[in-house]
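Protein chains in written order, with the working numbering: chain A, 1 to 412; chain B, 1001 to 1188. See below for the structure under consideration.
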Amino acid sequence: MHLTPDERWELIEEIARRTLRFGNYKHTLKDAIGDFTVKPATGIPFAIAILFVFWSVFTSFAALMTDGFMIKIFDNHWLPWLQQNFPGGPGNWFYALMVDVGQRQGSAIVASESCFDSFGVLTSGLFLPIGVVLPAIMIFYLMLSLLEDIGYMPRLAVLIDTFLHKIGLHGYAIIPTILSLGCNVPGVEATRILETKKQRFMMMTLLAMFIPCGAQIGIMQKVIPQYIGFIMLYLFVGYFLYGFIMNKILPGKTPEILMDVPAYQKPLVKNISKKMWMRTAGFLREGVPFVMLGVLIINVLYIFGIIEFMATAMAPVFEGWFGVPRETAGPLIAALLRKDLAIAQLGAIEMTKYQMISAVVLVTIYFPCIATFVMMLKESGRAFLGSLLALMIVVFTYGGLLHLIWKLMGVA
Amino acid sequence: MKVLLMGHPNVGKSVIFNRLTGANVVSSNYPGTTVDYTQGYMRVFDRDIEIMDVPGTFSLDAKDKAEEVAVKMLMENPDAKIICVIDTSKLERGLYLALEIIERGFPLVLALNMWDVALDKNIVIDLQKLEVILGIPVVPTVAISGEGISTLVEKLIDVEPVDILHISNTMKLSCLMTSPGCAGCKGC
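This is the structure we're talking about:
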């Protein structure tokens, strides 16, 4: 037998009347902090402070670990050891693939001095994910887990709600967005908490295009720290701009949300460390092999001249429309596998700083990495075709816009 | 035997799941951490029991895709036993979902989670009375520290479905209690 909702509530009211007693409740410090962090006047400055601390700790810890520790191990010990002991040596194709493709100096090819340049499966293929990305995502996930377990995320959602409503989403969209800053895959999965198809479609498309993942940010932090601020700003502006446009032209509902803001909790060290480890392990399991595979594929494509062929064929688009060197073709292929790998490759191409910014933006928005692609396909089914279409339009308009800006500034 | 962990978002289902199975499911302090189900196993009295951590849902009328997963899980497992996890401080709205599940004929154990938080808030619940009225086991738990979890498992083994009519009838019975001349019954 089924009751109507009204009957159910009546029954519950009666049950509660007989079993439930509320004593005096004193306003505690927890409630005071809760109010402080959610009221706009105090909450917004607090949120900015939190995000600033997050960013500062993230960049300084990642830089400290990579420059102070990882680079020394990889460049002073691992690379020279391989260069001496790996069978084949310079000139051998297998050696080039696995250890060091070498650096052109005039007509001669000399040994690389860093794991950034050597671009072998065992050198760059290990150094990028472990030496650069691992410290970055570890510290990212530590802080993310902290914010999650304390219960800060829903407050951030409340604060940004009005803003996100302007683009047809609501505050809770901040959760998939922040998760995506770690990795787009769980971010796309988290779009399930949004109510309508339209919201999910918009969110997924925006995430895949405009939110760089932790691995990518980690490499950007290493390769182009001086431009990262501008690039992130341009991406966030794109997120809102295209969100606004999609909201206007797409059919479907964008309902209000009633949100539960849970009480703050003391985070448990055990839970935090467990989550951090699980997420990091996920990266080691799925990220590292993909970077190594990516290095291998890119090297093979270079050897057979396929990348050069594509670069030449696509040159008018790259150079004419986007204003980036045609060599960007290589990184764009790598980006299909791993965006972090693509950024590292860009670092090795000669270009002006404006071209570099354009190229990084292009790598970010032009297509999701394979892992995100698969998750989007799984989560959205046929609507994915729509996502791809939106993506194409955005790449050409927003990527071209940046080129136009440089032209107007007279630097392109 | 199959067990589904159901309840509102952010009441601690995943923490209980990790406790029961020793698994490592991500749990956080915000609604919507779990958006897909996870399966796990626990062994009780030499029996393997399959447990599923289900995304949080406010009712059985799904409002988003995570809730759809939850409702679908329930429909696909008509033989399952349910642990309905409730935030003790929000008993009433938790009961709404519990009643819905009871109405569909599932045997159910009620876990009043975050019992400690409710105590701090001076919220007092008459557990025995609640058990008698509902006709199902009610177990106070504190999932993050593990309190009440073993009791929860014990009660789960023998739980039977109850009739929603029985519940409303019990309420009527205990109504008689308050009228003069009532000799008393087990209803309160």
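All C-beta atoms, glycine included, are put in the ideal place defined by N, C-alpha and C.
Leaving out five residues before and five after residue 1045 of chain B in sequence, what residues of the same chain have Cβ atoms less than 8 Å from its Cβ?
-> Excluding residues within five positions, the ones whose Cβ falls inside 8 Å are 1157.
For the segment 1060 to 1077 of chain B, which residues have a beta carbon sitting closer than 7 Å to at least one beta carbon of chain A?
-> Listed by position along the chain: 1063, 1064, 1065, 1066.
Since residue 20 of chain A sits in a beta bridge, which residues does DSSP pair it with?
-> For residue 20 of chain A, DSSP records a beta bridge to B/1125.
Can you find a heavy atom of the ligand PLP that lies under 7 Å from the Cβ of residue 412 of chain A?
-> As for the ligand PLP, it is missing from this structure, which has no ligand bound.
How big is the Cα-Cα spacing for residue 413 of chain A and residue 159 of chain A?
-> Look at the range of chain A in this structure, 1 to 412, and you will see that residue 413 of chain A is not part of it.
Do you know offhand how far residue 1014 of chain B's Cα is from residue 1023 of chain B's?
-> Residue 1014 of chain B and residue 1023 of chain B have their C-alpha atoms some 10 Å from each other.
From this set, A/168, A/205, A/303, which residue's C-alpha is nearest residue 253 of chain A's C-alpha?
-> Looking at the Cα atoms, A/168 is the closest of the given residues.
Kindly indicate which residue of A/99, A/79, A/364 has the alpha-carbon position closest to the one of residue 292 of chain A.
-> Among A/99, A/79, A/364, the Cα nearest to that of residue 292 of chain A belongs to A/99.
Measure the alpha-carbon distance for residue 369 of chain A versus residue 337 of chain A and round it to whole angstroms.
-> The alpha-carbon atoms of residue 369 of chain A and residue 337 of chain A are separated by roughly 5 Å.
Neighbouring residues, chain B, relative to residue 151 of chain A (Cβ below 8 Å) = Contacts between residue 151 of chain A and chain B, judged by CB atoms closer than 8 Å, involve 1029, 1030 in chain order.
Give a yes or no on whether the minimum CB-CB distance between residue 39 of chain A and chain B is below 8 Å.
-> No - not a single Cβ of chain B is within 8 Å of the one on residue 39 of chain A.
Report the neighbours of residue 1096 of chain B on chain A: residues whose CB is nearer than 9 Å to its CB, in chain order.
-> Within chain A, the residues near residue 1096 of chain B are 5, 8, 9, 12.
Residue 1047 of chain B versus residue 286 of chain A: straight-line alpha-carbon distance, rounded = Each residue's alpha carbon lies about 35 Å from the other.
Look at the alpha carbon of residue 1095 of chain B and the alpha carbon of residue 1006 of chain B, and state the distance between them as a whole number of angstroms.
-> Distance between the alpha carbons of residue 1095 of chain B and residue 1006 of chain B is about 12 Å.
DSSP bridge partner residues for residue 1139 of chain B (one or two, in chain order) = When DSSP reads this structure, residue 1139 of chain B sits in a beta bridge with B/1111.
Which whole-angstrom value describes the C-beta separation of residue 341 of chain A and residue 294 of chain A, a residue pair presumed to lie in contact below a C-beta threshold of 8 Å?
-> Rounded to whole angstroms, the Cβ separation of residue 341 of chain A and residue 294 of chain A is 5 Å, and the two are in contact under 8 Å.
Using a Cβ cut-off of 8 Å (strictly closer), state whether residue 75 of chain A contacts chain B.
-> So, not an interface residue.
Give a yes or no on whether 8 Å exceeds the smallest Cβ distance from residue 194 of chain A to chain B.
-> The beta carbon of residue 194 of chain A falls within 8 Å of a beta carbon belonging to chain B, placing the residue at that interface.
Nearest chain B C-beta to residue 202 of chain A closer than 8 Å, yes or no?
-> No, residue 202 of chain A lies away from the interface with chain B (no Cβ there is under 8 Å from its Cβ).
Would you mind listing the alpha helix (DSSP H) stretches within the segment 96 to 177 of chain A that are 4+ residues and don't spill past its ends, in chain order?
-> Within the segment 96 to 177 of chain A, the runs of alpha helix (DSSP H) at least 4 residues long that lie entirely inside it are, in chain order, 115 to 118, 134 to 150, 153 to 165.
Can you tell me the Cα-Cα spacing of residue 399 of chain A and residue 26 of chain A, whole angstroms?
-> Those two C-alpha atoms are separated by around 55 Å.
Where does residue 1036 of chain B land, buried or exposed, given buried means 16+ other C-beta within 10 angstroms?
-> Under this definition residue 1036 of chain B is an exposed residue.
Would residue 1121 of chain B count as contacting chain A if we go by Cβ distances under 8 Å?
-> Judged by the 8 Å Cβ criterion, residue 1121 of chain B is in contact with chain A.
Same chain, Cβ closer than 8 Å to residue 1131 of chain B, five either side skipped, listed in chain order = 1137, 1138.
Spell out whether any CB of chain B is found under 8 Å from the CB atom of residue 416 of chain A.
-> Absent from the structure is residue 416 of chain A, since the part of chain A shown begins at 1 and ends at 412.
What residues of chain A sit near residue 1155 of chain B, judged by a beta carbon separation below 8 Å?
-> By Cβ distance, chain A contributes nothing, its closest Cβ being about 18 Å from residue 1155 of chain B, past 8 Å.
CB contact flag (residue 322 of chain A, residue 358 of chain A, <8 Å) | Closer than 8 Å, so yes.
Under 8 Å Cβ to Cβ from residue 271 of chain A, same chain only, skipping five residues before and after it: list those, please.
-> Cβ contact annotation for residue 271 of chain A (same chain, cutoff 8 Å, sequence separation greater than five): 145, 149, in chain order.
Does residue 184 of chain A have its Cβ less than 8 Å from a Cβ in chain B?
-> Answer no: the Cβ-Cβ gap between residue 184 of chain A and chain B never drops below 8 Å.
Cβ of residue 195 of chain A within 8 Å of Cβ of residue 1163 of chain B?
-> No.
Could you tell me whether the segment 1114 to 1122 of chain B touches the segment 402 to 409 of chain A, where touching means 3 or more Cβ pairs closer than 8 Å?
-> The segment 1114 to 1122 of chain B is not in contact with the segment 402 to 409 of chain A.
Can you give the Cα-Cα distance for residue 1016 of chain B and residue 229 of chain A, rounded to whole angstroms?
-> Their backbone Cα atoms lie some 42 Å apart in a straight line.
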